[in-house]
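Q:
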Amino acid sequence: MDEPELPPPPSPPMAGVVLDDFARHRPWFIRATILSGLGGSMAWLATSYVVYANSGSVAISALVTVVSSVPSLFLGGAATSLSGKYSAAKLYVVGGIALGIVGFVPVFFSLAGDLATRNLLLWYLLIGIITGLTAPAGAMVTRFLAPADAVPEFNASITKAKSISSVIGLLLGGAIYAALGPTWIYLFSALTFFAPVLAILPVTGKAPQAVAQGKFREILQLRKSQPGLRAVFAACMISCVGGSFTVTLPAVAAEIGSGAWILSILQTAYVIGGLVVVVAVKRFHRRVKWGQMQRLCVMVAGLGLVGMAFVTKMNASPGRVFMIVVLLLLPVGLAFAIDISVLAALVQVHSPEESRGSILTAYHMVPMLVFPVAQEIVGLLSDQFSLAAGFWVCGGVLLIVLPIGKRMGIGAAIDVLDDSDAPPEVTAVVPRSVTVHDRHIDATVDEQPA
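Under our numbering, the first residue of the sequence shown is numbered 6, with each subsequent residue one higher.
1) Taking only three categories from DSSP, how would you classify Asn468?
2) Let me make sure I understand the geometry here. Which of Thr139, Ala84, Ala37 and Val246 has the alpha-carbon closest to that of Val378?
3) Go to Lys318, then tell me how far its alpha helix (DSSP H) extends in each direction, as first and last residue.
4) Do Ser269 and Leu176 have their C-beta atoms within less than 8 angstroms of each other?
5) Could you say which of Phe34, Ser77 and Gly186 lies nearest to Thr52 if we only look at CA atoms?
6) Give a yes or no on whether the C-beta atoms belonging to Val252 and Gln389 are separated by under 8 angstroms.
7) Taking Cβ to Cβ, would you say Phe250 is nearer than 8 angstroms to Tyr368?
8) Going along the chain, which residues of its own chain have a beta-carbon closer than 7 angstroms to the beta-carbon of Ala4, five neighbours each way excluded?
9) Taking contact to mean 3 or more Cβ pairs, one atom from each stretch, closer than 8 angstroms, check whether the stretch 136 to 143 and the stretch 98 to 118 are in contact.
10) Taking 6 angstroms as the limit between beta carbons, can you name the residues of its chain near Ala427, skipping five residues before and five after?
11) Report the three-state DSSP secondary structure of Pro336 (helix, strand or coil).
12) Give, in chain order, every unbroken run of the alpha helix (DSSP H) that is at least 4 residues long and sits entirely within the stretch 372 to 414.
13) By Cβ distance, which residues of its chain are closer than 7 angstroms to Leu126, with the 5 residues on each side in sequence left out?
14) The alpha helix (DSSP H) with Pro201 in it runs from where to where?
15) Excluding the 5 residues preceding and the 5 following Pro111 in the sequence, name in chain order all residues of the same chain whose CB lies nearer than 6 angstroms to its CB.
16) Using a threshold of 8 angstroms, state whether the C-beta atoms of Thr38 and Val172 are closer than that.
17) Checking 8 angstroms against the spacing of the C-beta atoms, do Val347 and Gln299 come in under that value?
18) Can you tell me whether Pro76 is helix, strand or coil according to DSSP?
19) Starting from Pro255, trace the alpha helix (DSSP H) both ways and give me its first and last residue.
20) Does the distance from the CB of Leu385 to the CB of Ala58 come in under 8 angstroms?
21) Answer with buried or exposed for Lys165, where buried requires no fewer than 16 other C-beta atoms within 10 angstroms of its C-beta.
22) Does the distance from the C-beta atom of Val330 to that of Leu403 stay below 8 angstroms?
23) Taking Cβ positions, are Leu80 and Phe198 nearer each other than 8 angstroms?
24) Under the three-state reduction of DSSP, which class applies to Thr209: helix, strand or coil?
25) Would you tell me roughly how many angstroms separate the C-alpha atoms of Pro336 and Lys167, rounded to the nearest one?
26) Using the rule of at least 16 other Cβ atoms within 10 Å of the residue's Cβ for burial, across every protein chain shown, is Leu116 buried or exposed?
27) Judging by CA-CA distance, which residue of Thr147, Cys399 and Met313 is the nearest neighbour of Ile35?
28) Quick one: residues in its chain with C-beta nearer than 7 angstroms to the C-beta of Ala94, no 5 flanking neighbours on either side, listed in chain order?
29) In the structure shown, what three-state DSSP assignment does Thr139 receive?
30) Thinking C-beta only, is Gly133 closer than 8 angstroms to Ser77?
31) In the DSSP assignment, find the unbroken alpha helix (DSSP H) run with Ser269 in it and report its ends.
32) Which residue wins for smallest C-alpha separation from Phe315, given the options Trp397, Ile181 and Gly82?
33) One question on the structure: do Ser391 and Pro255 come within less than 8 angstroms of each other, judged by their Cβ atoms?
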């Protein structure tokens, strides 16, 4: 009797083929990022509108940025310790669940008719504490999800998704606020906090385990020994001071009219330039020196803000003021978007490979410190004097530092990019204070894994 024929043994995997455990999860993560970005930008629009409508103060409006950013500065040590004990995926999931639960706080306040400024500031403070404790998790999750041979491309997909969702969210939020009020916006925002959690939850078992993190003291020492880094850090601080004018947009919208849709249009006009920054950088590469491009961006932004100062003093109809402000915000937003992207690329160029991730994390702490302080100063000036005073300060700082940029070494640092045949790796950017859901530090993920 013949023995039954055994099935052939499985063929060994082809040489050079690497199994990708995360391939099917990446599209879901990007979709979740889009959904989260929609909710975050809608909630930011509603909060900006409500806080200024309640207080009538630009300085109090700036406190939203302060309370959401400052916790990260004080919780850096705790966040580093947690990231060394627990995997990034677990921290991301736990943080996302906590944010989702806290996200219902303004829903209850709105239903109770107590959507007061103090309650919204408390909500943002809780969000700031949670994101501060889990700060490294977003970048680390994006890092291990990215294909080993396409990290910049995956990073670009995420930031593009955030840019598009922010623009749509700001426009949609204005319409929903006008039709239904803030409750439904905050409810949708709370639910979208859970979207990235659901995308990451299935891969928590496959995610890399926690590894020990370096000390921040070493980062400061390395920055001091790198003149190029010092210049880029200084330019980033200047850009943050200039960009702090955004805190005045709710007040500008209130002077034009009473609808939340006006603020949504103004914020969208400023943000939309980030969608074309990648195309702009590729088109200008090898045609214009990056030193000239960076100075041009600073000049355009400075002149645009000075123009805004004059517009706020115009004796014209609200409709005409609205159109002029939108037309000024479009080039100002694009100029800031290109400036931010080129500076981020410069950090990549000047950072030693072995310390790149740590230096980029330190670089992203600069806006966390400078932006809230600058916004509070601009808010106080606008309240004490006029909106024009805030625009004059922001635009004046940019125009004053422009001629002394060479002495700061910014020009020499930027000239390094002119020696490259390929355009710098930049991605679409969303200006700060547009979403409360953003848990990614984009520039930390385009470093190839070791």
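All C-beta atoms in this analysis are idealised placements derived from N, C-alpha and C, irrespective of residue type, glycine included.
Please read these numbers as outputs of a predicted model, since none were measured by experiment.
A: Put simply:
1) Residue 468 lies beyond the residue range present for the chain, which begins at 6 and ends at 455; the question has no answer from this structure.
2) That would be Val246, whose Cα lies nearest to the Cα of Val378.
3) Looking at the DSSP string, Lys318 is not in any alpha helix (DSSP H), and its letter there is neither H nor E.
4) With respect to the 8 angstroms criterion, Ser269 and Leu176 are classified as neighbours on the basis of their beta carbons.
5) Looking at Phe34, Ser77 and Gly186, the one whose alpha-carbon comes closest to that of Thr52 is Gly186.
6) Contact check for Val252 against Gln389 fails: the beta carbons are separated by 8 angstroms or more.
7) Their beta carbons are not under 8 angstroms apart, which means Phe250 does not touch Tyr368 by this criterion.
8) Shown here, the chain extends from 6 to 455; a query on residue 4 therefore has no answer.
9) A contact exists between the stretch 136 to 143 and the stretch 98 to 118.
10) Note on Ala427: pLDDT 49, under 50, position unreliable in the model; the coordinate value appears next. Nothing listed; no residue qualifies.
11) Residue state, collapsed to three classes: helix.
12) Counting whole runs of 4 or more residues, the stretch 372 to 414 contains the alpha helix (DSSP H) stretches 392 to 406 and 410 to 413.
13) Once the five neighbours on either side are set aside, the close Cβ partners of Leu126 are Leu68, Val69 and Val72.
14) That run of the alpha helix (DSSP H) goes Phe199 to Ile205.
15) The answer, listed in chain order, is Trp128 and Tyr191.
16) By the CB criterion at 8 angstroms, Thr38 and Val172 fall outside the cutoff.
17) Judged by beta-carbon spacing, Gln299 lies within the 8 angstroms limit of Val347, meaning their Cβ atoms are closer than that value.
18) Note: Pro76 maps to helix in three-state DSSP.
19) Counted as a single uninterrupted DSSP element, the alpha helix (DSSP H) harbouring Pro255 occupies residues Leu254 to Ile261.
20) Against a cut-off of 8 angstroms, the Cβ pair of Ala58 and Leu385 comes out as no contact.
21) In the assembly as shown, Lys165 is a buried residue. Its beta-carbon has 16 or more other beta-carbons within 10 Å.
22) The Cβ-Cβ distance between Val330 and Leu403 does not fall below 8 angstroms.
23) With respect to the 8 angstroms criterion, Leu80 and Phe198 are not classified as neighbours on the basis of their beta carbons.
24) In the structure shown, Thr209 sits in coil (DSSP, three-state: anything other than H, G, I, E or B).
25) The straight-line gap separating the alpha-carbon atoms of Pro336 and Lys167 is approximately 20 angstroms.
26) By the 10 Å Cβ count, Leu116 comes out exposed.
27) Considering only alpha carbons, the answer is Thr147.
28) Here Ala94 has Val146, Ile205, Val208, Thr209 and Ala212 as same chain residues with Cβ atoms under 7 angstroms from its own Cβ, once five neighbours each way along the sequence are excluded.
29) Assignment of Thr139 by DSSP, reduced to helix, strand and coil, places it in the coil class.
30) In this structure, Ser77 lies near Gly133, with their beta-carbon atoms less than 8 angstroms apart.
31) Unbroken alpha helix (DSSP H) run through Ser269: Ala265 to Val276.
32) For Phe315, the closest alpha carbon among the candidates Trp397, Ile181 and Gly82 is that of Trp397.
33) Annotated as distal: Ser391 and Pro255, with beta-carbon spacing of 8 angstroms or more.
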